[in-house]
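Here the structure comes first, spelled out in C-alpha cells, and everything after it is commentary.
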Ligand SMILES: CC(C)(COP(=O)(O)OP(=O)(O)OC[C@H]1O[C@@H](n2cnc3c(N)ncnc32)[C@H](O)[C@@H]1OP(=O)(O)O)[C@@H](O)C(=O)NCCC(=O)NCCS
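In C-alpha cells, the structure reads:
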C-alpha cells in the first residue's frame, strides 16, 4: 500500500490479515491498559465499515497497527498501537496519516477519537497532525475510571494539501480510488 523511509529499516503499510493477529495481539497486550482480545479483532474484520492496517518491518514483521471506522463523512480511530521497541520512529504517525488519507479519499471530512487523559504520547501524536480536544468524558474507562478526551480534526482542503500534497485527489473531482492494496 504505502512505504516510508522515516523509520530504520523502512516500514510498509498494508491491510492487516488474519495471519498478522499473533503479533498484533502481543503488541496489543504490551500497549493498552484494557487490551482487545482476538475476538475483538476478528469482529472488526467482519464489519464492512471497519479497516485494519499494519505497519510492516522487514516485509513481514508487525511494528504497529491501526483500526478505524468510516461512517458517512466521518472517520473514527478506534485502536492504534506501536510495538514498544519501534516507538518514536514515526510509525504511529505514518499509520494515522495513512488511515486519514484513505478516509479522505472516501469523502470523510471529520476525524474523531477518544484518548485517555493521561496518555501524553498519544495526545501529542494526535495534536501533531492537527487533532484538537473537543470534550471530556469523566470516568469513561473501566480500569482506573480515567477520563477520555474527545479529539477531532476537520480535514478541510488546506489540511489535506498540507499533509497529502500531490497525492490527495479530491473524490468530488471524479478520481477513482481503490481501498485494497494489491
Ligand atoms: C501513541 C503511540 C501509538 C505513538 O506511536 P509512535 O510510533 O511512537 O509515534 P511517532 O514516532 O509517530 O510520534 C509522532 C509524534 O507523537 C508524539 N509522541 C510520540 N510518543 C511520544 C512520547 N512518548 N512523549 C511525547 N510525545 C510523543 C511526538 O510529537 C512525536 O513526534 P516527534 O517524534 O517528532 O517528537 C505509541 O506510543 C503507543 O503504541 N502507545 C501505546 C498505545 C496507545 O496509547 N495508543 C493510543 C491509544 S488512543
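Numbering (the UniProt record's numbering), first residue to last: 1 to 182.
We treat Cβ as the ideally placed atom computed from N, Cα and C, and that holds for glycine.
Keep in mind the model is a prediction, meaning the values are calculated, not measured.
- For residue 150, the enclosing beta strand (DSSP E) has its first and last residue at 148-154.
- In the three-state DSSP reduction, residue 48 falls in the coil class, being neither helix nor strand.
- These are the residues, in chain order, with a beta carbon less than 6 Å from any non-hydrogen atom of ligand 1: 31, 32, 80, 81, 82, 87, 88, 89, 90, 91, 92, 93, 115, 119, 120, 121, 122, 124, 125, 128.
- Judged by DSSP secondary structure, residue 89 falls outside any beta strand (DSSP E); it is assigned neither H nor E.
- Bridge pairing for residue 66: 53, 80 [DSSP].
- Beta-bridge partners assigned by DSSP to residue 135: 150.
- In this structure, residue 107 and residue 73 form a Cβ contact; the two beta carbons are roughly 6 Å apart against a cut-off of 8 Å.
- As DSSP reads the structure, residue 111 sits in a beta bridge with 75, 153.
- Under the three-state reduction of DSSP output, residue 117 falls in the coil class, being neither helix nor strand.
- Excluding residues up to 5 positions away in sequence, 147 lie with their Cβ nearer than 7 Å to the Cβ of residue 138 in the same chain.
- Looking at the DSSP output, residue 14 bridges to 54.
- Residue pairing of residue 61 in beta bridges, as defined by DSSP: 57.
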